[in-house]
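Worksheet: one structure, shown below.
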Amino acid sequence: MEQKQPLKYGLNIVSSKKPPTKRISIFTEEDIKNEEESSINTSSNKNKYTKIVNQQLLSSNSINQSVQEKYKAALEEDPTAFAYDEVYDVMKSVERKKKEELKGKNDGSVKKPKYFDDILKAAEIRQRDYIRAQERKIQKEREAEGDEFDDKETFVTSA
Numbered sequence: 439m440e441q442k443q444p445l446k447y448g449l450n451i452v453s454s455k456k457p458p459t460k461r462i463s464i465f466t467e468e469d470i471k472n473e474e475e476s477s478i479n480t481s482s483n484k485n486k487y488t489k490i491v492n493q494q495l496l497s498s499n500s501i502n503q504s505v506q507e508k509y510k511a512a513l514e515e516d517p518t519a520f521a522y523d524e525v526y527d528v529m530k531s532v533e534r535k536k537k538e539e540l541k542g543k544n545d546g547s548v549k550k551p552k553y554f555d556d557i558l559k560a561a562e563i564r565q566r567d568y569i570r571a572q573e574r575k576i577q578k579e580r581e582a583e584g585d586e587f588d589d590k591e592t593f594v595t596s597a
């Protein structure tokens, strides 16, 4: 009993169901045979592998010895040959000192604006001109008064 779906507009193609695919088993006959053979040959394989590992260890030991000899020779020639961190620290400390000196020069001296001196000079000149103008004004007022206050006493104070 198949349930029919209602027809839709356009071309309606009926698709047939595909038969399910067969799953392949994980273990094949060859694997099973290889397991049986490997159980027989495991002892002989262990011997082969131990020989190979021993040879690798011997070769690595000889390499390590030659590296150690080169290391000792380099240290005899120059004791600071492998002192990378110390050399780096020295380089960086020199750079830091230079930066601090540059900062010290800038911070130690008082920085004045570029035109500040000119502004101060101009203000001083204006102050002198103002004082002169005040003196002239007072002088003109005295001349305008004329002989009006000649009979009175004149007091000169420090203020």
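If you read the sequence shown in our numbering, its first letter stands for residue 439, the second for the next number, and so on.
We put the beta carbon where it would ideally sit given N, CA and C, even for glycine.
- Inclusion of residue 528 and residue 518 in the CB contact set at 8 Å is not warranted, their separation being larger than that value.
- Under the three-state reduction of DSSP, residue 459 is assigned to coil, being neither helix nor strand.
- Between the alpha carbons of residue 504 and residue 483 lies a distance of about 32 Å.
- In the three-state reduction of the DSSP assignment, residue 494 falls in the helix class, which pools H, G and I.
- It is roughly 10 Å from the alpha-carbon of residue 578 to the alpha-carbon of residue 584.
- Our two residues, residue 553 and residue 562, have alpha carbons roughly 15 Å apart in a direct line.
- In this structure, the alpha-carbon of residue 447 lies about 55 Å from that of residue 468.
- Rounded to the nearest whole angstrom, the CA to CA distance from residue 532 to residue 488 is 55 Å.
- Apart from the 5 residues on each side of it in sequence, residue 509 sits with its Cβ closer than 8 Å to the Cβ of 520 in its chain, given in chain order.
- Per DSSP, the continuous alpha helix (DSSP H) segment holding residue 568 begins and ends at 554-583.
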